[in-house]
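What follows is one structure encoded as structure tokens, with my remarks underneath.
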Amino acid sequence: FMYGEFPAGFSWGVATSAYQIEGGFDQGGRGPSIWDEFSHTAGNIVDGTNGDVACDSYTRYKEDVALVKQMGVGSYRFSISWSRILPTGKIDQINEKGIDYYNALINELIENNIQPIVTLYHWDLPSRLQAEFGGWISDAIIPLFVDYAKLCFQRFGDRVKTWITLNEPRVVAHGYEEKDMAPGTNMRGTGAYQSSYIMLKAHARVYHTYAKLYKPTQNGRIGITLNCDWGEPQSLNSSNKKAAERFMQWFIGLYAHPIYVGGWPRIMRDLVDFKSQHEGRPKSRLPEFTQAEQDDIIGTSDFLGLNSYTSLLISANHQQTPGFYSDRDIETTFDKSWSSSGSQWLKIAPSGIRKVLKWIKREYPGYGSILITENGVSEQIDQTQRFNLYDEVRVNYFKDYTNNVLKAIRINGVNVEGYMAWSLMDNFEWAQGYKERFGLHFVDFKTLKRTPKASALFYKKLVQNNGVPSKSD
Ligand code: GBH
17 FMYGEFPAGF SWGVATSAYQ IEGGFDQGGR GPSIWDEFSH TAGNIVDGTN
67 GDVACDSYTR YKEDVALVKQ MGVGSYRFSI SWSRILPTGK IDQINEKGID
117 YYNALINELI ENNIQPIVTL YHWDLPSRLQ AEFGGWISDA IIPLFVDYAK
167 LCFQRFGDRV KTWITLNEPR VVAHGYEEKD MAPGTNMRGT GAYQSSYIML
217 KAHARVYHTY AKLYKPTQNG RIGITLNCDW GEPQSLNSSN KKAAERFMQW
267 FIGLYAHPIY VGGWPRIMRD LVDFKSQHEG RPKSRLPEFT QAEQDDIIGT
317 SDFLGLNSYT SLLISANHQQ TPGFYSDRDI ETTFDKSWSS SGSQWLKIAP
367 SGIRKVLKWI KREYPGYGSI LITENGVSEQ IDQTQRFNLY DEVRVNYFKD
417 YTNNVLKAIR INGVNVEGYM AWSLMDNFEW AQGYKERFGL HFVDFKTLKR
467 TPKASALFYK KLVQNNGVPS KSD
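Under my numbering, think of the first position of the sequence shown as 17, with each following residue one higher.
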């Protein structure tokens, strides 16, 4: 453990997303999103729930801003629900009540000295755009995403100075590849690559629109948030090391390489082309960028938003069936020494976040600066039992993960500008419903009362001290 402070000016925050906390799914003129549809379809959400009410932050936003304020953090990351301000997804029908909601939220934050960090897209695509042309698999979405983004810049850009285009495009892509996340189109082998290709182009167009039309007067910045967990080679033989490298390229490289270097990662290009040919396809399952597209995407992130939670052990393992995950030719397991959390996919391995940060620095020397936009851990509770607000696991998680961020900064020279804990409060955890809780605040989903867990108090102190300065802290 390294005692000491984070650099002066390091920014601390907490994060949420619209569909996970807002509720008010049919209030104030909001249109439906693919997550309303997905969660309203029987069998999709483990506990049969949905985000209709969630934490009801749509009406309780003032209370939530007060919680953020109480934590002593300087920033709050939230997302805008596209279909709340454009119910059909399109610009010809603006819902002023939706705009009013975000204006009120942003004003409340500013009045309380909290900087808003706004994600434009955290997975809740207006249903209409999925039904009409397949959502993120079609070029048709690009001008519509630009229209939506422009509306946000026009209406909120005088006060919002940090924008994030897409949250975790890899998870959006998962929704086209498989059936367990919205829209669940299950296009195995092509869905993730095709949607990633479109998302990169849409992200770049929004970046340039902001740079050209808004940045000169609004003076903000815009980036993308990528998620990346750490892939540790199972053993240090060269085939496992190469496998771990493929794991990283398929995790973050497919977005970071186009943005920081240009084009798909070499190994992804070669391997998917080779497999596609072997499958007897006329063309590769991985789309090709034109030179103009490739040039348009390079350099389109003023900072890198990073979400990181866990680690996996990677070994080489050849796979026959075509698919985004099987194309990697790997097998993933967990180390027995990593303790578990409330989520099957999330094992506690704090040094992973430092390794991801080091990997990014080495792989993309031009990354500029990294803003950790999410990091956190879950627990499960039995709804019939009283919840233990003393969440020791989360306290230790935050203590050890932030310490590894500190080491990455101090020892490895990674330029990390800030850290946002996921999440302000327990919320709708997508396909896991309300079963897996990531909150610093406990939410009683019957009364919607928010109560700080021990981790909220710990985090507050961490923020106050800008780290853990000495043993006595
Ligand atoms: C982030 O995704 C999201 O940005 C945030 O909205 C979310 O609440 C948070 O993490 C916690 O999960 O259910 O076993 O099939 C992190 C990446 C992608 C990890 C979906 C869990 C589902 C695994 N997540 N994945 S499983």
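Heads up, the beta-carbon is just placed ideally off N, CA and C, and yes, glycines get one too.
(Q) What does DSSP give as the partner residue(s) for Y92 in the beta ladder? (A) On the sequence shown, position 76 is the one that residue 92 refers to. For Y92, which the question treats as bridged, DSSP gives the partners V30, P132.
Q: Using alpha carbons as the reference points, say which of P23, P185, S254, D42 lies closest to C244.
A: Here residue 244 refers to the residue found at position 228 when the sequence shown is read from its first residue. Of P23, P185, S254, D42, the residue nearest in Cα terms is P185.
Q.
Tell me the rounded alpha-carbon separation between Q307 and I214.
A. Taking the sequence shown and counting its residues from 1, one reaches residue 307 at position 291. Taking the sequence shown and counting its residues from 1, one reaches residue 214 at position 198. For Q307 and I214, the distance between alpha carbons rounds to 15 Å.
Q.
Output needed for R301: all residues of its chain with C-beta closer than 7 Å, excluding positions within five of it in sequence on either side, in chain order.
A. The residue given as residue 301 occupies position 285 in the sequence shown. G205, T206, Y209, V288, S292, P338.
(Q) the ligand GBH and E445: does any heavy atom of the ligand fall closer than 7 Å to the residue's C-beta? (A) Numbered from 1 along the sequence shown, position 429 holds the residue referred to as residue 445. Checking the Cβ of E445 against the ligand GBH gives yes.
Q. Between which two residues does the beta strand (DSSP E) carrying N323 extend?
A. Sequence index remark: in the sequence shown, residue 323 carries index 307 (1-based). Unbroken beta strand (DSSP E) run through N323: 320-323.
Q) Cα separation between S394 and P103? A) Here residue 394 is taken as the residue at index 378 of the sequence shown, counted from 1. Here residue 103 is taken as the residue at index 87 of the sequence shown, counted from 1. In a straight line, the C-alpha of S394 is about 32 Å away from that of P103.
Q: For N323, verify whether its CB is less than 7 Å away from any heavy atom of the ligand GBH.
A: For the purposes of this step, residue 323 is identified with residue 307 of the sequence shown, where counting begins at 1. Taking 7 Å as the cut-off, one finds at least one heavy atom of the ligand GBH near enough to the beta carbon of N323.
**Q.** Beta bridge counterpart(s) of F458 as assigned by DSSP
**A.** Along the sequence shown, one-based indexing puts residue 458 at 442. Paired residues: T467.
(Q) Just to confirm before moving on: does the CB-CB distance between E283 and R297 stay below 8 Å? (A) Taking the first residue of the sequence shown as position 1, residue 283 is located at position 267. Taking the first residue of the sequence shown as position 1, residue 297 is located at position 281. Reading the sequence as shown, one finds Ile at residue 283 and not Glu. No. Outside cutoff.
Q. Considering P185, what are the terminal residues of the alpha helix (DSSP H) in which it resides?
A. Counting from 1 along the sequence shown, the entry for residue 185 is found at position 169. Unbroken alpha helix (DSSP H) run through P185: 185-193.
Q: Since I believe F319 is in contact with R237 (beta carbons under 8 Å), could you give me their beta-carbon distance rounded to a whole number of angstroms?
A: Here residue 237 refers to the residue found at position 221 of the sequence shown. Here residue 319 refers to the residue found at position 303 of the sequence shown. Indeed, because the Cβ distance is near 6 Å, the residues count as touching under 8 Å.
Q: Report the three-state DSSP secondary structure of G269 (helix, strand or coil).
A: Position 253 of the sequence shown, counting from 1, holds the residue named residue 269. Helix at G269.
Q. Is the segment 107-118 in contact with the segment 64-73, if contact means three or more CB pairs nearer than 8 Å?
A. Here the segment 107-118 does not lie against the segment 64-73, with fewer than 3 beta-carbon pairs under 8 Å apart.
Q. Which residue from S99, A147, A437 puts its Cα closest to that of D42?
A. Mapped onto the sequence shown, residue 42 falls at position 26. Selected option, being the one with the closest Cα: S99.
Q | Of the listed residues D174, I126, W51, F414, nearest to I37 (C-alpha basis) | A | For the purposes of this step, residue 37 is taken as residue 21 along the sequence shown, with counting starting at 1. Nearest C-alpha to I37 among D174, I126, W51, F414: W51.
Q: List in chain order: all unbroken beta strand (DSSP E) runs of 3+ residues lying wholly within the segment 271-347.
A: Listed in chain order, the complete beta strand (DSSP E) runs (minimum 3 residues) inside the segment 271-347 are 320-323, 327-332.
**Q.** Inter-residue Cα distance where the pair is M18 and A227
**A.** As a working mapping, residue 18 is identified with position 2 in the sequence shown. As a working mapping, residue 227 is identified with position 211 in the sequence shown. About 39 Å.
**Q.** Nearest-angstrom Cβ-Cβ length linking Q265 and P249, presumed shorter than 8 Å
**A.** As a working note, residue 265 is residue 249 in the sequence shown. As a working note, residue 249 is residue 233 in the sequence shown. Their Cβ separation, rounded to whole angstroms, is 14 Å, which puts Q265 and P249 out of contact at 8 Å.
Q | Delimiting residues of the alpha helix (DSSP H) encompassing P490 | A | With the chain covering 17 to 489 only, the question about residue 490 has no answer from this structure.
**Q.** Contact belief for A437 with K374 at Cβ below 8 Å, rounded distance in angstroms
**A.** Against the sequence shown, residue 437 aligns to sequence position 421. Against the sequence shown, residue 374 aligns to sequence position 358. In fact, because the Cβ distance is near 22 Å, the residues do not count as touching under 8 Å.
Q. Taking 7 Å as the cut-off, does the CB of W51 come closer than this to any heavy atom belonging to the ligand GBH?
A. Locating residue 51 in the sequence shown gives position 35, where the first residue counts as 1. No - the ligand GBH has no heavy atom lying nearer than 7 Å to the Cβ of W51.
Q: Starting from I107, follow the beta strand (DSSP E) in both directions and report where the run begins and ends.
A: On the sequence shown, position 91 is the one that residue 107 refers to. Premise fails: I107 is in no beta strand (DSSP E) and is neither H nor E.
**Q.** the ligand GBH heavy atom lying under 7 Å from the CB of N391
**A.** In the sequence shown, the residue the question calls residue 391 occupies position 375. Outside the cutoff, so no.
Q. Where do the N-terminal and C-terminal ends of the beta strand (DSSP E) with W511 fall, by residue?
A. Absent from the structure is residue 511, since the part of the chain shown begins at 17 and ends at 489.
Q: Please state if the CB of S95 and the CB of A34 are separated by a distance shorter than 8 Å.
A: The residue you call residue 34 lines up with position 18 of the sequence shown. The residue you call residue 95 lines up with position 79 of the sequence shown. Contact: yes.
Q) In its own chain, which residues sit with a C-beta less than 6 Å from the C-beta of E390, not counting the 5 before and 5 after it? A) Taking the first residue of the sequence shown as 1, we reach residue 390 at position 374. Excluding residues within five positions, the ones whose Cβ falls inside 6 Å are A31, N323, W438.
Q.
Short of 8 Å in beta carbon distance, which residues of its chain neighbour I158, apart from the five on each side in sequence? Order them along the chain.
A. Mapped onto the sequence shown, residue 158 falls at position 142. Around I158, the same chain offers I214, K217, A218, R221 as residues with beta carbons nearer than 8 Å, after the five sequence neighbours per side are excluded.
Q: Round the Cβ separation of R171 and I133 to the nearest angstrom and send it over; I've been treating them as touching at under 8 Å.
A: Residue 171 sits at position 155 when you count from the first residue of the sequence shown. Residue 133 sits at position 117 when you count from the first residue of the sequence shown. The C-beta separation of R171 from I133 comes to about 17 Å, leaving the pair out of contact by the 8 Å criterion.
Q: Following the continuous alpha helix (DSSP H) through N419, name the residue where it begins and the one where it ends.
A: The sequence position of residue 419 within the sequence shown is 403, counting from 1. From DSSP, the alpha helix (DSSP H) with N419 extends over 408-426.
Q. Taking C-alpha atoms, which residue in P366, Y406, D398 lies nearest to S327?
A. The residue you call residue 327 lines up with position 311 of the sequence shown. With distances taken between Cα atoms, S327 lies closest to P366.
Q) Starting from G207 and walking both ways along the alpha helix (DSSP H), at which residues does that stretch end? A) Counting from one through the sequence shown, the residue named residue 207 turns up at place 191. 207-225 is the span of the alpha helix (DSSP H), which, as asked, contains G207.
Q. Taking one C-beta from the segment 401-416 and one from the segment 462-473 each time, how about it: are there three or more such pairs within less than 8 Å?
A. Taking 8 Å as the limit for Cβ pairs, the verdict is that the segment 462-473 does touch the segment 401-416.
**Q.** alpha helix (DSSP H) segment containing N243, residue limits
**A.** Within the sequence shown, the letter at position 227 stands for residue 243. Run containing N243: none in the alpha helix (DSSP H); it sits in the beta strand (DSSP E), 237-243.
Q.
Spatial neighbours of Q448 within its chain, please: C-beta separation below 6 Å, excluding the five flanking residues on both sides.
A. On the sequence shown, position 432 is the one that residue 448 refers to. Closer than 6 Å at Cβ, skipping near neighbours: V62.
Q | Closer than 7 Å: S33 CB and nearest the ligand GBH heavy atom | A | On the sequence shown, position 17 is the one that residue 33 refers to. Yes, the Cβ of S33 comes within 7 Å of a heavy atom of the ligand GBH.
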